[in-house]
Structures are given as structure tokens and as C-alpha cells.
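As C-alpha cells, the structure follows; a few thoughts come after it.
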Amino acid sequence: MVLKKFLIICLSLVTVFSLAACSDNKNSANGKEDDTLKIGISLPSATHGWMGALIDSAEKQAKALKESDGIEYVMTNAADPNKQANDVDDLIAQGVDVIVMLPIESAALSPVGQKIKDAGIPLVIVDRELENDAATVVVKGDNEGIGVNAGKYFVEKLNGKGKVVEISGPPSSVTEQRGSGFKEAMESAEGMEIIASQSGDFSTEKSLEVMENILQAHPQIDAVFTQDDGMALGVLQAIKEAKRTDIQFVTGAGGGKAVFEDIKADGVITATFLYSPTMVEDAVKIAADIAKGNDPEESMVVKEATQVTKENVDEFYDPESKF
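Residue numbers 1 to 323, in the numbering used here, belong to the letters of the sequence shown in order.
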């Protein structure tokens with residue numbers, strides 16, 4: 001009888017230890033311990049200066065939170081939507097507590113956002129919005145405001161009459177909102193005409209190529225609206241190489257150092273509209289707060305689209321900026 005009780009106790013202990021081992025293996029497979037919080041960060045590759053600065057800002061903030069709060073993080077970068085979708089699958093499999101994502105394309109990554117939501121993981125979206133309600137919080141600049149402010153600037157500078165070129169970004173909420181805001185403001189003056197609108201893919205090189213073709217097709221252009229500072233620099237190079245003097249001004253969006261310098265030097269770029277890559281720092285902080293179990297204070301955080309011209313550029317110019 002004593003031996004039987006002893007065997008039962010031994011079997012019970014084996015079972016307990018086995019379950020504990022399984023639990024430990026599961027935690028190990030998920031890439032985290034039970035008491036360790038982990039944030040997954042899914043971003044595009046650094047294809048242009050703004051994105052490079054955003055990636056740096058995200059990692060800087062994530063490292064600071066790891067040091068101060070012990071929150072781990074995993075950061076991934078993708079060159080296309082398929083790679084980003086696979087990256088997110090990996091983050092879900094690792095059992096991260098919150099995901100911060102900047103979608104490469106809004107439509108293509110919307111089902112991925114839904115997958116995150118279905119997995120019960122809070123999602124903080126940066127910059128480009130999804131086409132569904134999967135996001136817990138959205139942190140973005142005022143994209144429509146950039147377009148509206150730019151359109152008003154064009155109408156004022158051209159006295160309500162002019163031939164304008166638009167260089168847009170790739171398919172996303174950012175591109176759509178900036179473009180629609182610009183067109184809305186331009187419609188306030190009957191004499192304003194958008195004679196060409198093409199995508200520069202938020203790339204300096206692609207915008208240079210696109211603008212070269214537009215310059216050949218249109219002998220008279222009064223001004224160029226670009227949806228990104230990097231694209232503005234490509235357009236500027238094309239104008240200089242073509243030795244065109246009819247174009248009165250070019251505008252950008254973002255707040256890049258090289259664009260600020262052209263504005264300061266009375267160059268062809270005369271204005272830009274702030275869209276700081278440091279917005280991702282807010283997103284990572286919000287993600288950390290959610291991971292700790294706190295409800296977000298708001299579901300939409302919008303940064304102001306401040307207009308920067310020769311009059312106020314010194315307030316924002318930082319010669320040490322990486323962007």
C-alpha cells in the first residue's frame with residue numbers, strides 16, 4: 001500500500017514537471033518569457049531619407065524603452081508588401097504583446113492588419129492607414145492638411161492662374177489624402193490647372209526620371225507640387241539639368257534638411273509642409289503603454305502640417321539632422 005502511494009506521488013511529480021517543461025518550451029518557442037513584454041515593429045525598407053530617419057527614430061525609442069522599462073522589441077524591414085506580410089506572421093508567431101506597423105501599401109496590408117486583430121494583438125499604425133478598423137491606434141501627420149495647405153499656397157503664389165504638375169507617392173492613404181487635399185484647394189481658383197500627375201514612388205531617383213519625361217512633354221509649367229521632400233529634390237535636379245526657367249517654384253512635404261537648405265538659399269524649392277519621421281517615437285511609446293495593460297488615451301494622433309517657407313525655416317532647420 002505504501003509502495004502504491006509512493007508510485008502515485010512519483011507519477012504526479014513527473015506529470016507536473018512535464019507540464020512545466022512544456023510550458024517553458026512554449027514560452028521559448030514564442031520568443032518571450034511570461035513576464036517579459038515584447039513589441040513587434042514592422043516597417044518598410046529605407047528607400048528614401050524620410051523612411052531612413054523614421055527607422056532610426058523607431059529603433060532609438062525602442063532601445064530607450066528596453067533600457068528604462070525592460071521591454072524587448074523585434075524590428076523588421078521589408079521592401080514589398082509580401083515580405084511585410086511574412087514579417088508580421090513571424091511577429092504573431094513569436095507572441096509579441098503589441099505590433100507597430102507602417103504599411104507599405106494600405107490596401108495590400110489591410111488583411112494583414114485584420115490578422116493581427118484576430119490574433120488578439122493590439123496594433124499601432126504609423127503614417128499610412130489601413131482600409132479597415134484593425135488598428136487600435138493610428139499615429140500620422142496631417143496628410144490632407146499638407147495637400148490643402150499646399151493648394152492654397154499655389155493659388156496664392158500664382159494669383160489663381162497657372163499650369164501645375166503633381167508628383168505623387170505610391171498607392172496608400174498618404175498619397176490619396178495629400179492628393180485630394182491639394183486638388184480640393186486648387187479648385188477654389190478656376191484658372192488653376194493640373195496638367196500632369198504621376199507617381200514618383202517617394203523616390204528621388206524615380207521622381208527625377210518622371211520629371212524628365214514631363215518636362216519634355218510640357219513646354220510651359222508654372223509650378224510643381226510634390227508629396228515628399230525626397231521627390232522634390234529629384235524634380236529640382238531634373239529642372240536644373242533641363243535648364244528650364246519657366247518653373248517658378250517647387251514644394252515638398254516632410255521637412256528634410258536639404259529642402260530647408262534650398263529654401264534658405266532662395267532656390268527653386270520655396271516651401272515644404274512638416275511631416276516629421278519622429279512621429280514613430282510616439283507610436284512606439286503608445287505601444288509600450290498598451291503592452292503594460294493601459295488603455296490608449298486616443299485612437300487617432302495627428303501631427304500638424306506646418307508650412308515652412310523662407311520666413312520661418314530657421315525655426316526648423318537643424319544642420320545636424322540625418323533627414
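Ideal placement from N, C-alpha and C gives every residue a C-beta, glycine not left out. Please read all numbers here as calculations on a predicted model, not as lab measurements.
Here Ala189 carries a coil assignment [DSSP, helix/strand/coil].
When C-alpha distances from Gly252 are compared across Leu236, Gln177 and Ala64, the shortest belongs to Leu236. By the Cβ-count criterion, Asp133 is exposed, with fewer than 16 other Cβ atoms from all chains shown falling within 10 Å of its own Cβ. The DSSP-derived three-state label of Tyr153 is helix. Following the DSSP letters along the chain, one finds Ile125 in no alpha helix (DSSP H) but inside the beta strand (DSSP E) bounded by residues Leu123 to Val126. Judged by their CB atoms, Pro170 and Ser199 are nearer to each other than the 8 angstroms cut-off.
Beyond the five residues adjoining it in sequence on each side, Ala189 comes within less than 6 angstroms, by CB distance, of Val155 and Gly160 in the same chain, given in chain order.
The beta-carbon separation of Ala53 and Pro277, rounded to 4 angstroms, stays under the 8 angstroms limit for a contact. By the Cβ-count criterion, Ala238 is buried, with 16 or more other Cβ atoms from all chains shown falling within 10 Å of its own Cβ. Judged by pairs of C-beta atoms under 8 angstroms, the stretch 140 to 155 touches the stretch 169 to 183, as three or more such pairs exist. Judged by beta-carbon spacing, Ile247 lies within the 8 angstroms limit of Ala223, meaning their Cβ atoms are closer than that value. For Ile104, the three-state secondary structure derived from DSSP is coil. In the three-state reduction of the DSSP assignment, Asn77 falls in the strand class.
The DSSP-derived three-state label of Glu304 is coil.
Assignment of beta-bridge partners to Gly162 by DSSP yields Met192.
Take the alpha-carbon of Glu67 and the one of Thr36: they are about 13 angstroms apart. DSSP, read as helix, strand or coil, puts Glu212 in helix.
In summary, Lys206 is buried, with 16 or more beta-carbon neighbours lying within 10 Å of its beta-carbon over all protein chains present.
Per DSSP, the unbroken beta strand (DSSP E) holding Ile269 starts and ends at Ile269 to Phe273. When DSSP reads this structure, Leu43 sits in a beta bridge with Asn77. The alpha-carbon of Phe202 is positioned some 9 angstroms away from that of Thr226. Rounded to the nearest whole angstrom, the CA to CA distance from Gly230 to Gly145 is 19 angstroms.
Residue burial is scored here from C-beta neighbours: Pro111 has fewer than 16 other C-beta atoms within 10 angstroms and is therefore classed as exposed. In this structure, the beta-carbon distance from Val280 to Ile269 does not fall below 8 angstroms. According to the DSSP secondary-structure assignment, Lys38 is paired through a beta bridge with Glu72. Counting of Cβ neighbours within 10 angstroms places Ala217 among the exposed residues, the total staying below 16. Look at Thr309 here: in three-state DSSP terms it is coil, with no helix or strand label. In this structure, the straight-line span from the alpha carbon of Gly49 to that of Ala93 is close to 31 angstroms. The stretch 73 to 93 and the stretch 40 to 49 touch, with three or more beta-carbon pairs separated by less than 8 angstroms.
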